[in-house]
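For reference, the structure is listed below as structure tokens.
2 protein chains.
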Amino acid sequence: SDLSERFPGHDSIDFPVAVVLPAGGSGERMGLATPKQFCTVFNRPLISYTIQAFERISWIENIVVVVAKESLHLMMDIIHKFCHKKVKVLLGGSSRHRSIFNGLQAFGEMPDGKSLRKPKVVIIHDAVRPFVEEDFLLRITIAAKEQGASGAIRPLVSTVIATTSEGYIDHSLERAKYRASEMPQGFVYDIIYQAYQQCSESDFEFGTECLHLALQYCGTNAKLIEGPPALWKVTYKKDLFAAESVIKDFLSQACVITTVCAESAELAHRFQKSLGARSMQVDVISGSFGNNQPLVSKTWNFIHITANIACLAEISRTVKTLHEAGQALLYPAVLILVHFSVLPHSSLTERMGQLGAIRHLAMEAKHRNILLYAILLNHNENAEQWEETVESASEITTALVKDRNPALAGQLLVA
Amino acid sequence: SDLSERFPGHDSIDFPVAVVLPAGGSGERMGLATPKQFCTVFNRPLISYTIQAFERISWIENIVVVVAKESLHLMMDIIHKFCHKKVKVLLGGSSRHRSIFNGLQAFGEMPDGKSLRKPKVVIIHDAVRPFVEEDFLLRITIAAKEQGASGAIRPLVSTVIATTSEGYIDHSLERAKYRASEMPQGFVYDIIYQAYQQCSESDFEFGTECLHLALQYCGTNAKLIEGPPALWKVTYKKDLFAAESVIKDFLSQACVITTVCAESAELAHRFQKSLGARSMQVDVISGSFGNNQPLVSKTWNFIHITANIACLAEISRTVKTLHEAGQALLYPAVLILVHFSVLPHSSLTERMGQLGAIRHLAMEAKHRNILLYAILLNHNENAEQWEETVESASEITTALVKDRNPALAGQLLVA
Ligand SMILES: [Mg+2]
Ligand SMILES: [Mg+2]
């Protein structure tokens, strides 16, 4: 039961499932030179986020990505760079439907003997809908197995009107009776494969709906399931902005690492509380996170709290650990050194002398996709002023985590 | 001709035009407690951005905002705080159509004698579509005057399907024949007013389209005009993220202010070039911008370049000037002090001594919605290293302008 909570498909999916991702689109609508599936967030193309959304699911075996010839090299680089393991890349056809059919042919029937195991259910998705969740994929997959086909729908955002050829309104549709057809869609493999085998040139060229082909050629009427808003499609430039913010928002979990000294531990707990009030979820650990692998694996923000100015060796070790764990492979990790001094008159110059060393380490870390920043707290005997300083440090921390800006890596900020 | 370029409606709109903005919605879809029109970007509610989009247009006389009773107080505060001048606020009805009809009644017929001049054309828009542009409003207005009614349309993003009551696909619509009906819509005032006077309780309660009412009750068939992608509606939380990024993107123009010293002027021009390569448009001015009002009015980023450590009086003057010009009323202004020293071994401690003064000034400026940051460049005799330092400063500048994060105001960053 613990297992089925962590892996919801564990009990119910006892048959092979694969994914086809047509990614041949040119993204003209976006007004950008790069096709939108290859536009990057944190230097990682959108399609890698979409692949990851499927790859992390234990019951999905294979992901076939279908690309245009001119994108093949780029796609292979992406798979290599971000260590995607379940992906096979194929060349697409001259239309979306031809590309999907090419993708379906990767299973069970390839003459080169390199074919993948034929799935019972195949999920078809868009490369530019990176936020699809396991629980919804599970529903689509089970419905496809039971009904032969299934598809995500969403309520209409705008009224839909039929237009006359002269550009006037003909009639408007009654909104309640219609839905937007979205992705993912699921199919019993044999059904969608047969539908494509039978479909006409005109279907290949102008058809828009796989659901429609399954109905027309196999008599399979798809089960429609209302999906969450997260299924939205990155279409315009503003959607790319939104995707970046959604991803940043997702990376707000933090881990505070303290030394054993009582002042550090106390400051760590104040930080936890203050960051919590700013909607960050924070775990506190003492010492290093040597055997705290589960915690590290879900965290992309690390906050070292220390009163010891000679702590750079420790920070350096953390950079190494995160790098070796591959933690910054998919998202940039943020590492913040929060340094406070209990000595009332410690020399500013002395501390500033550390800046060079921090900057040097930050440049190294940046090459490993780890963004290192430092925050300096001047300890104040006055409780109220100290409270203000801690709040200020917490505000700066939240800003660094939210903006995740590589241009500020290596900077020493004063709380 | 210069006039009609700057004010495209100047020649063609010789009749009164007003706007009705229904803003009574509850924003449930967003998953937020605050109705989406009152969600803030840079501490300013979305509806203020939408009002501003109309208010800046010379040929629009009045904007009637219709709100729910519980939002009345908030709405009045917004108008006061952001100095909106053309707005009249009315209470809405129990449905969107009743609210629009309430809004229309503000013109020409109010018993209290406080009525506004009756417009020839009234534009109806959504409070949550803040990016509508003058040229498109002009097209909507002229088409409404000529045809009686007009409305924005957009291509469908998803296939629309008719569903059976059991949740199966009934049929899918042929995408080319349908359009999404969006806002704004324009009407000859008398036509839409008559349509509302005649319409039924059921229309008031369940109707969705003003265009449909004009057709049904007045026989007026609306001219449909394809609008730009910028007409999108803020519906979900991710749309609010997108709106924030679009607004930030819009604020990328910068003004570099140099002193007369040759080194400053040279650095200013390097900055202009380097920022230009990072997609920022940069003007350089020498001295202060005393009589450069047109430049100030379109700029929200100011970069002071100086070798003089005692330049804070100058920065303070700039803060005062921007505040008095109301420049930071609608968007936070960014003010960056770029300080470089030509003395090779100037004391770090001495410069750091300035940090306290900068922080103090930054806190004052922040209350005026001006975000002050400082960047320190250590001059290097080595041309290549100096080039790198300038590039680093330019990268930091771009990051500060892009993120526009108040939490980092008052910080001294080292390039
Ligand atoms: Mg489709
Ligand atoms: Mg409508």
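Here the protein sequences line up with chains E and R, keeping their order.
Adding 1 to a residue's 1-based position in the first sequence gives its number in our numbering.
Adding 1 to a residue's 1-based position in the second sequence gives its number in our numbering.
We put the CB at the ideal spot given by N, CA and C, even for glycine.
If you're wondering where the values come from, they're calculated on a predicted model, not measured in any experiment.
Runs of the beta strand (DSSP E) lying entirely within the region 96-137 of chain E and spanning at least 3 residues, in chain order: 122-125. In the DSSP assignment, ALA394 of chain E falls outside any beta strand (DSSP E) and within the unbroken alpha helix (DSSP H) covering 384-404. Look at SER166 of chain R here: in three-state DSSP terms it is coil, with no helix or strand label. A straight-line Cα-Cα distance of about 38 Å links ILE124 of chain E and LEU401 of chain E.
Neighbours of ILE397 of chain R in chain E, taken as residues at a C-beta separation under 7 Å, are given in chain order as ALA408 and LEU409. Remark: C-beta atoms of VAL88 of chain E and PHE188 of chain E do not approach each other more closely than 8 Å.
If you look at ARG155 of chain E, you'll find it in the beta strand (DSSP E) that goes 150-155. For ILE258 of chain R, the enclosing beta strand (DSSP E) stretches over residues 255-259. When only Cα atoms are considered, PHE43 of chain E and LYS86 of chain E end up about 21 Å apart.
Taking the Cα of SER173 of chain E as reference, the smallest distance to any Cα among E:LEU157, E:ASN381, E:ILE258 and E:ALA107 is reached at E:LEU157.
In this structure, ARG130 of chain E sits near LYS234 of chain E, with a CB-CB distance shorter than 8 Å. The closest CA to that of ILE304 of chain E, considering only E:LEU372, E:CYS262, E:ALA243 and E:ARG360, is found on E:LEU372. Boundaries around ASP204 of chain E are those of the alpha helix (DSSP H), 202-207, since no beta strand (DSSP E) includes it.
Short of 7 Å from the beta carbon of LYS249 of chain R, and not among the five residues preceding or following it, lie these beta carbons of its own chain, in chain order: LYS403 and ARG405.
Here ALA308 of chain E is not near VAL285 of chain E, since their CB atoms are 8 Å or more apart. Contact of VAL158 of chain R with chain E by beta-carbon distance below 8 Å involves ALA181, LYS234 and THR236. In this structure, the alpha-carbon of MET76 of chain E lies about 10 Å from that of VAL67 of chain E.
For VAL161 of chain R, the nearest CB of chain E lies under 8 Å from its own CB, placing it at the interface with that chain. HIS340 of chain E carries a strand assignment under DSSP once its states are collapsed to helix, strand and coil. Beta-bridge partners assigned by DSSP to GLY277 of chain E: none are found. At a cut-off of 8 Å, the C-beta of ASP136 of chain E has no neighbouring C-beta in chain R.
According to the DSSP assignment, ILE306 of chain E belongs to the beta strand (DSSP E) that extends over 302-307. For GLU325 of chain R, the enclosing alpha helix (DSSP H) covers residues 313-325.
TYR169 of chain E reaches chain R at ASN222, ALA223, LYS224 and LEU225, counting residues in chain order whose Cβ is nearer than 8 Å.
Put simply, the CB of PRO120 of chain E is far from chain R, with every gap to its CB atoms at 8 Å or more. In summary, ASN370 of chain E is buried, with 16 or more beta-carbon neighbours lying within 10 Å of its beta-carbon over all protein chains present. Excluding five sequence positions before and after GLN38 of chain R, the CB atoms of its chain that fall closer than 6 Å to its own CB belong to ALA24, LEU47, ILE48, ALA128 and VAL129, given in chain order. Around the Cβ of ALA314 of chain R, a 10 Å sphere holds fewer than 16 other Cβ atoms; the residue is exposed. With respect to the 8 Å criterion, SER253 of chain E and SER395 of chain E are not classified as neighbours on the basis of their beta carbons. For ASP12 of chain E, there is no enclosing alpha helix (DSSP H), as DSSP marks it with neither H nor E. Taking a C-beta distance under 8 Å as the contact criterion, LEU225 of chain E and ARG180 of chain E qualify as a contact pair.
Burial check for ARG140 of chain E: the Cβ neighbour count within 10 Å reaches 16 or more, so the residue is buried.
Taken through DSSP and simplified to helix, strand or coil, PHE272 of chain E comes out as helix.
Taking a Cβ-Cβ threshold of 8 Å, the residues of chain E close to SER173 of chain R are SER182, THR209, GLU210, LEU212 and HIS213, in chain order. For the pair of segments examined, the region 190-203 of chain R was found to touch the region 213-223 of chain R: the number of CB pairs separated by less than 8 Å reaches three. Under the 8 Å Cβ criterion, the region 96-108 of chain E does not count as touching the region 157-168 of chain E, having fewer than three qualifying pairs.
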